[in-house]
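If you want the working numbering, it's the position in the first sequence, counting the first as 1, plus 57.
Cβ atoms here follow ideal geometry from the backbone N, Cα and C, with glycine treated the same way.
Quick caveat, the model's predicted, so the values are computed rather than measured.
I have placed the structure first, in the form of structure tokens, so that the comments after it can refer back to it.
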Amino acid sequence: MPTKKISSETGNASLDLALDTIKIGKQAIVFVNTKRSAEKTAEDIFKKIKTNSHKLEELSNNILKSISSPTKQCHRLSRCIKQGIAFHHAGLVSKQRELIEDSFRYGLIKIICSTPTLAAGLDLPAFRTILKDLKRFGPRGMAYIPVLEYLQMAGRAGRPKYDKFGESIIVSISENDKKKLHEKYILGEPEEIHSKLAVEPALRTYLLSLIATNFVNTRKQIIDFFGKTFWAYQFRDMEKLIFIIDKMLNLLAEWEFIIQEKEDFASADKLDDNKIRATRMGKRVAELYIDPLTAYFFISCLKKSKSINEFSFLQMVSHTLEIRPLLRAGVKDQDWIQEKIAEFDSFLLEKEPSIYEHEYEDYINSIKTASMFYEWINEKDEEYLLENYNIRPGEIRGKMDIAYWLLFASSEISRILNLQNLNKEIIKLRIRLKHGVKEELLSLIKIKGIGRVRARKLHFNRVKDIKDVKNADITKLIQILGKQVALSVKKQVGQEVKEIPKGTRKGQVSLSGY
DNA sequence: GGACGGTGAAACTTCAGGTTGCCTC
DNA sequence: GAAGTTTCACCGTCC
């Protein structure tokens, strides 16, 4: 096999490879196994480079501007970007990711240190991919990643338009390691693909939606349908498959999402032809596309609710399969989480399980996750959440999106259950969650161009609702919001300002003292 | 003698990501 | 499993 030597400048193979890539005028993606490692590797590389680029400077500023209150992470990224190096993982907000991906395509950014976020889906080729870690922490400790994933990452190397070939390099730590990696990944076969239907949450979700859309209406049709899927093809054992389908049907019936019209049990054939249809609730659950188990959980929580507050619903949506992975409660978290449980005891829709129960850990994690949401709707910023919950801006957005959707689902369920008062509260909470604001800012947030930061500024300056905005002097509004936004706000409340009074001071009123 | 600071070893902690889904001005 | 972080014992210095 031909070999190629690369000068060792740092004593660290990944760094040397990255620096060499820049030297030969190409680009590389370095794949690592943790977010922290992505950030550190990028920093290690940028410290070895000195470039001066106006464009990079500008990009670096835009990275910071992607978020209303930049976190430590954002500053770190913006420092790396100044030298044409970036890190990339799910903790970045989508705007930042976009900026990085685009400028890598233009060739402005030379190296991206990434977790597997960049491995699949995106068309982001580089001349070189440097695979630093092929082991990752999983349920059973550190384990080699699947060959399929390796192929995904390796496949990023080689840009059809620019290069005739690409290089994908695995970094090994010893001769022994090298042998092992070569055998497993270079010579090895990729794993078999498994049907996603094989897991119960997916199966019951699809089963319900097939029934709800009248695609299938009898047990026989259901079995016929699933018999033709990839799942059945792979599973082979049709009898066991029918057993699982029956189990799911019984569950859906028990939860009152479907009704099996039992006419005549005289023969098995007839049983097979009995009509199965979705109930009103079942139909809506199928439309909402949530796991029926989650829907059933929501129903039982909402039905038994007595006293409620925001935390009630936040904890409820934080304890679903959809929102996983939950924030993990560490040793240090245990005390304050217990205090939270005590504080919100009467509001919790789900009581604390015994410490010996299997579900205890999940429950504690759901409280931690709910607390994070709770802080968000009480206007704590991203930096605070990063420090106290170890959750990064991009992950906050991701979790928030799911919770927002789950809250919508629960408000719909409460509507069908005729629990109007709950429905009202959930809708309010949903808006608060979306914008991360206290209740008092709800009316201001309706104005286009006003988010949590500007709404708080307005409120601090005694502009507390639409009426106040109407009454407010344009000069004052400009001081608070800046000219463009102030004019747009006035326009939205039906007051077009043609002429701005002279002597309006430039700059904005700050929030100092708040 | 006691407060304080520095040091290094030991113990502890943490660890990827993605798909759909709903509504709406 | 490995890297980063916290804790803690230990020692020397200074007042």
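Problem - 8 Å Cβ shell around GLY570 - same chain, five flanking residues per side excluded - result: A caution first: GLY570 carries a pLDDT of 36, below 50, which makes its placement in the model unreliable, though a value can still be read off. Result list for GLY570: empty, nothing under 8 Å.
Problem - For LEU188, the three-state DSSP class (helix, strand or coil) - result: Here LEU188 carries a strand assignment [DSSP, helix/strand/coil].
Exercise for the section: Please list, in chain order, all residues of the same chain as ALA177 whose beta carbon is under 7 Å from its beta carbon, the five residues on each side excluded. Expected result: Cβ within range, chain order: GLN209.
Handout entry: Residue range of the unbroken beta strand (DSSP E) whose run includes ILE573
Key = Beyond the ends of the chain as shown, which are 58 and 571, falls residue 573; an answer cannot be given.
Problem - Separation of ASP281 from LYS92, as counted between CA atoms - result: Approximately 45 Å between the Cα atoms of the pair.
Handout entry: Three-state secondary structure assigned by DSSP to ARG334
Key = Correct three-state label for ARG334: strand.
Exercise for the section: Could you pull out every unbroken alpha helix (DSSP H) segment of at least 4 residues lying fully inside the stretch 103–147, listed in chain order? Expected result: The stretch 103–147 contains these whole alpha helix (DSSP H) runs: 111–122, 129–138.
Exercise for the section: Report back the beta-carbon spacing between ARG216 and PRO182 to the nearest angstrom; my notes put them in contact at under 8 Å. Expected result: At roughly 4 Å, the Cβ-Cβ gap stays under 8 Å, so ARG216 and PRO182 are in contact.
Handout entry: Straight-line Cα distance separating LYS527 from ASN422
Key = For ASN422 and LYS527, the gap between their C-alpha atoms comes out near 45 Å.
Handout entry: Close Cβ partners of GLU409 (< 7 Å) along its chain, the five nearest in sequence each way excluded
Key = Excluding sequence neighbours, GLU409 sits near ILE398, TYR420.
Exercise for the section: State the Cα-Cα distance for the pair ARG337 and THR275, rounded to the nearest angstrom. Expected result: Rounded to the nearest angstrom, the two C-alpha atoms are 18 Å apart.
Exercise for the section: Name, in chain order, the residues that DSSP records as bridge partners for MET199. Expected result: For MET199, DSSP records a beta bridge to PHE194.
Exercise for the section: Can you give me the Cβ contacts of GLU367 inside the same chain, cut-off strictly under 6 Å, excluding the 5 residues immediately before and after it? Expected result: Contacts found: LEU486.
Exercise for the section: Identify every residue that forms a DSSP beta bridge with VAL87. Expected result: Note: VAL87 sits in a beta bridge opposite CYS170, ILE187.
Practice task
Would you mind working out which of ALA95, ARG133, ARG136 sits nearest HIS146, comparing C-alpha positions?
Solution key: Check the Cα spacing between HIS146 and each of ALA95, ARG133, ARG136: the tightest is with ALA95.
Problem - Same chain, Cβ closer than 6 Å to LYS167, five either side skipped, listed in chain order - result: Excluding residues within five positions, the ones whose Cβ falls inside 6 Å are ILE79, GLN84, GLY141.
Handout entry: Sheet register partners of ILE227 (DSSP bridge)
Key = In the DSSP output, where bridge partners are listed per residue, ILE227 has LEU188.
Problem - DSSP beta-bridge partners of ALA214 - result: Looking at the DSSP output, ALA214 shares a beta bridge with ALA183.
Exercise for the section: Quick one: grab the DSSP three-state call for THR275. Expected result: Collapsing the DSSP output to three states places THR275 in a strand.
Handout entry: Contiguous beta strand (DSSP E) assignments of at least 3 residues, all confined to the stretch 464–548
Key = Listed in chain order, the beta strand (DSSP E) runs fully inside the stretch 464–548 amount to none, counting runs of at least 3 residues.
Problem - ILE250, enclosing alpha helix (DSSP H) - first and last residue - result: Element bounds for ILE250: n/a, residue is neither H nor E.
Exercise for the section: Might you give, ordered along the chain, the residues of its own chain that have their beta carbon closer than 7 Å to the beta carbon of CYS358, omitting 5 neighbours on each side? Expected result: Non-local beta-carbon contacts of CYS358 in its own chain, meaning distances under 7 Å to residues more than five positions away in sequence, involve MET373, LEU406, GLU407 in chain order.
Exercise for the section: Using alpha carbons as the reference points, say which of LYS236, GLY212, PRO247 lies closest to PRO203. Expected result: Cα-wise, what sits closest to PRO203 is PRO247.
Exercise for the section: For GLN552, name the three-state secondary structure that DSSP assigns. Expected result: Coil.
Handout entry: Coil, strand or helix - THR262 by DSSP
Key = DSSP places THR262 in helix when its eight states are reduced to three.
Exercise for the section: For LYS297, count neighbouring Cβ atoms within 10 angstroms of its own Cβ and tell me buried if that reaches 16, exposed if not. Expected result: When all chains shown are included, LYS297 counts as exposed.
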